[in-house]
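Trainee:
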Ligand SMILES: [Zn+2]
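Protein chains in written order, with the numbering used here: chain X, 732 to 1280; chain U, 11 to 462.
#1: Should residue 215 of chain U be counted as a contact of ligand 1 given a C-beta to heavy atom distance under 7 Å?
#2: Figure out for me which residue from X:781, X:940, X:762 and X:774 has the closest Cα to the Cα of residue 1189 of chain X.
#3: Does the beta-carbon of residue 265 of chain U, which I'm using as the reference point, lie nearer than 7 Å to any heavy atom of ligand 1?
#4: How is the alpha helix (DSSP H) around residue 1216 of chain X delimited, first residue to last?
#5: Is the region 18-37 of chain U touching the region 1207-1220 of chain X, taking contact as three or more C-beta pairs under 8 Å?
#6: Mind reading off the beta-carbon distance from residue 845 of chain X to residue 858 of chain X? Whole number of angstroms is fine, and I expect it under 8 Å.
#7: Helix, strand or coil: which one does DSSP assign to residue 122 of chain U?
#8: Which residue comes first and which comes last in the alpha helix (DSSP H) that contains residue 245 of chain U?
#9: Going by DSSP, name the residue or residues bridged to residue 297 of chain U.
#10: Pull up the distance between the alpha-carbon of residue 1080 of chain X and that of residue 1034 of chain X, whole angstroms please.
#11: For residue 4 of chain U, go through chain X and note every residue whose CB falls closer than 8 Å to its CB, in chain order.
#12: Rounded C-beta distance between residue 1067 of chain X and residue 1003 of chain X? I'm assuming under 8 Å.
#13: Rounded to whole angstroms, what's the CA-CA distance from residue 69 of chain U to residue 118 of chain U? Just pull it up for me.
#14: Could you tell me if residue 71 of chain U is buried or exposed, where buried requires 16 or more neighbouring beta carbons within 10 angstroms of its beta carbon?
#15: Whole angstroms is fine: what's the gap from residue 749 of chain X's alpha carbon to residue 101 of chain U's?
#16: Just curious, the beta strand (DSSP E) that residue 227 of chain U is in, first and last residue?
#17: Closest to residue 959 of chain X by C-alpha separation, out of X:1072, X:905 and X:757, would be which residue?
#18: Looking only at its chain, what residues have a beta carbon closer than 7 Å to the beta carbon of residue 860 of chain X, apart from the 5 residues adjacent to it on each side?
#19: Would you say residue 249 of chain U touches ligand 1, meaning its beta carbon is less than 7 Å from a heavy atom?
#20: Write down the C-beta distance between residue 365 of chain U and residue 345 of chain U rounded to the nearest angstrom, noting that I regard them as a contact closer than 8 Å.
#21: Spell out whether any CB of chain U is found under 8 Å from the CB atom of residue 1045 of chain X.
#22: Residue 7 of chain U by DSSP, collapsed to three states: which one?
#23: Take the Cβ of residue 1025 of chain X as the centre, count every other Cβ of all protein chains shown within 10 Å, and call the residue buried at 16 or more, exposed below.
#24: Who are the Cβ neighbours of residue 342 of chain U in its own chain at under 7 Å, not counting the five residues just before and after it?
#25: Say the cut is 7 Å; is the CB of residue 146 of chain U nearer than that to a heavy atom of ligand 1?
#26: Mind listing which residues of the region 92-119 of chain U have their C-beta closer than 7 Å to chain X's C-betas, in chain order?
#27: Measure the Cβ-Cβ separation of residue 83 of chain U and residue 64 of chain U and say whether it is below 8 Å.
#28: Given that residue 1198 of chain X touches chain U, what residues does it touch there, using C-beta distances under 9 Å?
#29: Between the alpha carbons of residue 413 of chain U and residue 441 of chain U, how many angstroms are there, rounded?
#30: Give me the Cβ distance between residue 331 of chain U and residue 434 of chain U, rounded to the nearest whole Å; I'm assuming they're in contact under 8 Å.
#31: Does the Cβ of residue 298 of chain U lie closer than 7 Å to at least one heavy atom of ligand 1?
#32: Going by C-alpha distance, which of U:390, U:53 and U:340 is nearest residue 378 of chain U?
#33: Check whether chain X comes within 8 Å of residue 249 of chain U, counting only Cβ atoms and requiring the distance to be less than that.
#34: Does the Cβ of residue 343 of chain U lie closer than 7 Å to at least one heavy atom of ligand 1?
#35: Quick one: any contact between the region 237-257 of chain U and the region 200-207 of chain U, if contact means 3 or more CB pairs under 8 Å?
#36: Measuring only the C-alpha atoms, how far is residue 262 of chain U from residue 291 of chain U?
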């Protein structure tokens, strides 16, 4: 411990939450300012001279308020037909109502040419795609978020500084290296990224905030794993960039989906049968000295297959059953691993994906009902799950037995107050699984309730951002991908946060980016590729070859 | 993609529930945070389940009752002081829930919702009590091996000088080991609840003054008791024809039962409530057990008994001590409190919020009641025991079933300017109030320091 530490701590415990609050406020401001502009890439014109601009490469035409082309005609169905761009051309397919193209009834997808005449209900439309009323959007330059990154860097530096002084003798080199590398990595990313048109850091800021907290917790709770945590974070960033590039190629993804599904199932089954059991769940695989959790990577594949499987709005029957079968197999192998927290997370993603694509509410309802039955069955068949549920909502009565982890988390969170007692000065990090399952309590105790609240709000921010991206992205593939990824993260954060604080039963899942664990950190970064891919391709620019990344 | 995005309803709901959960969690932390943090496994302030990080507690003269030294919590080195003050000061393991260690846990340890238990804010905050440790020892010695309580407070300032409850234990040793004695962790002054016996007649007398125009001239007849609706209510003496004054001095059951009937159920209940019955009184924010009076709905004979402190009446000693203070103070008195001051800012706010006066009756009624209680001492109990105190008092002998010896009560106040003290003494199973309880009161009041 350095002699200046007490003074530095006294000041920095106020400065850090203040910086976190500033980051949050500026993030909200940037979020509002960075609403992407609409760009007209085609249009429909009716006989009265009304014009309906097309700003997406895949969308609905119909009477519904939410349709991308909303027609004021009672004889048109709410979601009458689907139009989309594919292989450089435009297509239309009827969905709920009849469509004719140049007086020929469209049966299945029909190519649309410039000047084609369409009828939907009583409305006659002309399709125009060669001379769209192009709006000039080059003058619109959304803020890149440089100020946000500066604030975040300050936050990281102050936090790292506090830890450096705290562990002046124990970790003289490790802490400056780790915080320095993280800061260097994020600035390199930013400086390269800002050459890309419309680049901004909205999604990256929450992720980097969480990663910083993860490093800080790891430094205090298990410094021997700090380098590993850092390397996994950097590998995660690299993988995230690569995966984003792949996701850009929608057709490649479509082609790869069976391969991805096959590999995922094979690895999961292998793990379920031959994996290592840690804390009750058999979900670890050891290969050549490295141990990893395949179920973490399965989350990425699950979203991939789910979004791909429903690639083009019209092709649905085969894809639906393929995806449902895949989902069932994935969740089956997770049950074999006795990893019920993961099953719940996958189930939430499944519901999000199905609801976004299918209007078949009955199927989703049936699935939810089945899930409830399955949940009851699990508590009957697996006594250790039942015992965890047994402590739920009255953990203080069994504070030293089944409620041990929850009560210790609450004690720690209360002891931290809003400002925290300082990194490394808490006691929760000493108990088992604290830096994974109870990490919210560790952050609350050492860094304070405000910074912990910031971590929780990061997941909310990602959820809100996902909805914005889904509205503006070019196709259903990206919309579904980003919403499913965000849903998984948010639900997993909820299980972690509310499980350890006794608002939900404790399921023992990690908090993405913050909990210690190489696999889950890498996988979390990879999931973010769904955000970047949805964001990097705004409003139907498929024919335009921009150099992103 | 508005159409598809609109169907991300599940994600929207998830965001909503997540935010609700966050609000619930932080709300719970704000409300119950101090209770979470005071769980005895919290190593920020506890070691081996005993509180270690907390400020010092001193009595009114600066005598250290508890303080932390070298990571150890030490009580006063005098075992008598430790035992006499343990219920006020509290133990380290939270057994004495109304003790300062537990009730002022946050102020002592320096916990607050913003800073938590951040150690840079020092080793907690100090606290000075209004207690006089020596007076507590005197009271504790006077109580001896009997269970009971002694409370004395200055009705002008509200300072509680003496607060002793027996049986007691030594907080320097493990609290759990004391558990074999019945009710050892209970502060009988704040949390006790006893049948009042004749001390309740002061309430009935007040109600008579408030409700009968001829209160001071009306007489009733006692013939070793009285018949109420064919049932016999016995009296300890044959008092003949008595007025209110004589009835109180001689503690005549028959007269008071008839006075109660003359006043009526509603009026007596209203008077009881106005002096603190069926209401939660607090001392520095610490809730006391309620006194209970139940006259409405009782049969006439039961209502008669209720007017002389039997039937279902129960009294909390702290409430009665406050009532005595109000009579002494001319109808109102400063609210009794235990903590004189603290250097904790939230603590200061809490003390401020719990100061003020309690108003219980009209000044002239208080004067008449006081005069009658004074006469009870001079004419009946014997003023020689209470030299120089100008004592006004009432005894009580609370029957608690046929087999057990009754509880002994002595309540009242001094009119002497140098000793503006109201007091309550309860000794369990000690027989007549005039005896056990009154002699304890005499010893304690004589030993009480003169007020400045
Ligand atoms: Zn009589």
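Quick reminder that beta carbons are idealized off the backbone N, C-alpha and C, glycines included. Treat the numbers as computed from the prediction; the structure is a model and nothing was measured.
Mentor: Result, derived from the coordinates:
#1: For the purposes of this step, residue 215 of chain U is taken as residue 205 along the second chain, with counting starting at 1. It does not: the Cβ of residue 215 of chain U is nowhere closer than 7 Å to a heavy atom of ligand 1.
#2: Here residue 1189 of chain X is taken as the residue at index 458 of the first chain, counted from 1. Answer by Cα proximity: X:940.
#3: The count along the second chain starts at 1 and reaches residue 265 of chain U at position 255. At least one heavy atom of ligand 1 is nearer than 7 Å to the Cβ of residue 265 of chain U, so yes.
#4: To locate residue 1216 of chain X, count along the first chain from 1; it is residue 485. Element bounds for residue 1216 of chain X: 1207-1231.
#5: yes
#6: Position 114 of the first chain, counting from 1, holds the residue named residue 845 of chain X. Position 127 of the first chain, counting from 1, holds the residue named residue 858 of chain X. Indeed they touch by this definition, with Cβ atoms about 7 Å apart.
#7: In the second chain, residue 122 of chain U corresponds to position 112, counting from 1. Here residue 122 of chain U sits in strand by DSSP.
#8: Walking along the second chain from the start, residue 245 of chain U turns up at place 235. Run containing residue 245 of chain U: none; DSSP gives neither H nor E here.
#9: Counting from one through the second chain, the residue named residue 297 of chain U turns up at place 287. Paired residue(s): U:292.
#10: The residue you call residue 1080 of chain X lines up with position 349 of the first chain. The residue you call residue 1034 of chain X lines up with position 303 of the first chain. Using only the alpha carbons, I get a separation of about 7 Å.
#11: Beyond the ends of chain U as shown, which are 11 and 462, falls residue 4 of chain U; an answer cannot be given.
#12: The count along the first chain starts at 1 and reaches residue 1067 of chain X at position 336. The count along the first chain starts at 1 and reaches residue 1003 of chain X at position 272. Confirmed, about 4 Å.
#13: Here residue 69 of chain U is taken as the residue at index 59 of the second chain, counted from 1. Here residue 118 of chain U is taken as the residue at index 108 of the second chain, counted from 1. So the two alpha carbons sit approximately 15 Å from each other.
#14: For the purposes of this step, residue 71 of chain U is taken as residue 61 along the second chain, with counting starting at 1. Exposed is the call here.
#15: Locating residue 749 of chain X in the first chain gives position 18, where the first residue counts as 1. Locating residue 101 of chain U in the second chain gives position 91, where the first residue counts as 1. Rounded to the nearest angstrom, the two C-alpha atoms are 39 Å apart.
#16: Along the second chain, read from residue 1 onward, the residue named residue 227 of chain U stands at position 217. From DSSP, residue 227 of chain U is part of no beta strand (DSSP E); its letter is neither H nor E.
#17: By 1-based counting over the first chain, the position of residue 959 of chain X is 228. That would be X:905, whose Cα lies nearest to the Cα of residue 959 of chain X.
#18: Numbered from 1 along the first chain, position 129 holds the residue referred to as residue 860 of chain X. 773, 821 and 845, listed in sequence order.
#19: Within the second chain, the letter at position 239 stands for residue 249 of chain U. Under cutoff, so the answer is yes.
#20: As a position in the second chain, residue 365 of chain U is number 355, starting the count at 1. As a position in the second chain, residue 345 of chain U is number 335, starting the count at 1. Yes, residue 365 of chain U and residue 345 of chain U are in contact; Cβ-Cβ is about 6 Å, under 8 Å.
#21: The residue you call residue 1045 of chain X lines up with position 314 of the first chain. Because residue 1045 of chain X carries a pLDDT of 48, less than 50, the predicted location of this residue cannot be relied on, and the following value inherits that uncertainty. So, not an interface residue.
#22: What the structure shows of chain U is the stretch from 11 to 462, and residue 7 of chain U is not part of that stretch, so it cannot be assessed.
#23: Here residue 1025 of chain X is taken as the residue at index 294 of the first chain, counted from 1. It is buried - the Cβ of residue 1025 of chain X has at least 16 other Cβ atoms within 10 Å.
#24: Along the second chain, one-based indexing puts residue 342 of chain U at 332. The answer, listed in chain order, is 336, 367, 368, 369 and 370.
#25: Counted from its first residue, the second chain places residue 146 of chain U at position 136. No, ligand 1 has no heavy atom inside 7 Å of this Cβ.
#26: none
#27: As a first step, residue 83 of chain U must be located in the second chain, where it is residue number 73. As a first step, residue 64 of chain U must be located in the second chain, where it is residue number 54. Yes, they are a contact pair.
#28: By one-based count along the first chain, residue 1198 of chain X stands at place 467. The answer, in chain order, is 15, 18, 21, 22 and 25.
#29: Here residue 413 of chain U corresponds to residue number 403 of the second chain, with the count starting at 1. Here residue 441 of chain U corresponds to residue number 431 of the second chain, with the count starting at 1. If I take the Cα positions, the gap works out to 12 Å.
#30: Numbered from 1 along the second chain, position 321 holds the residue referred to as residue 331 of chain U. Numbered from 1 along the second chain, position 424 holds the residue referred to as residue 434 of chain U. So it is a contact: roughly 4 Å between Cβ atoms.
#31: Numbered from its first residue, the second chain carries residue 298 of chain U at position 288. Residue 298 of chain U: no, Cβ never under 7 Å from ligand 1.
#32: Taking the second chain and counting its residues from 1, one reaches residue 378 of chain U at position 368. That would be U:340, whose Cα lies nearest to the Cα of residue 378 of chain U.
#33: Translated into positions along the second chain, residue 249 of chain U becomes position 239. No, residue 249 of chain U lies away from the interface with chain X (no Cβ there is under 8 Å from its Cβ).
#34: On the second chain, residue 343 of chain U is found 333 positions in, with the first residue counted as 1. Residue 343 of chain U: no, Cβ never under 7 Å from ligand 1.
#35: no
#36: Numbered from its first residue, the second chain carries residue 262 of chain U at position 252. Numbered from its first residue, the second chain carries residue 291 of chain U at position 281. Using only the alpha carbons, I get a separation of about 30 Å.
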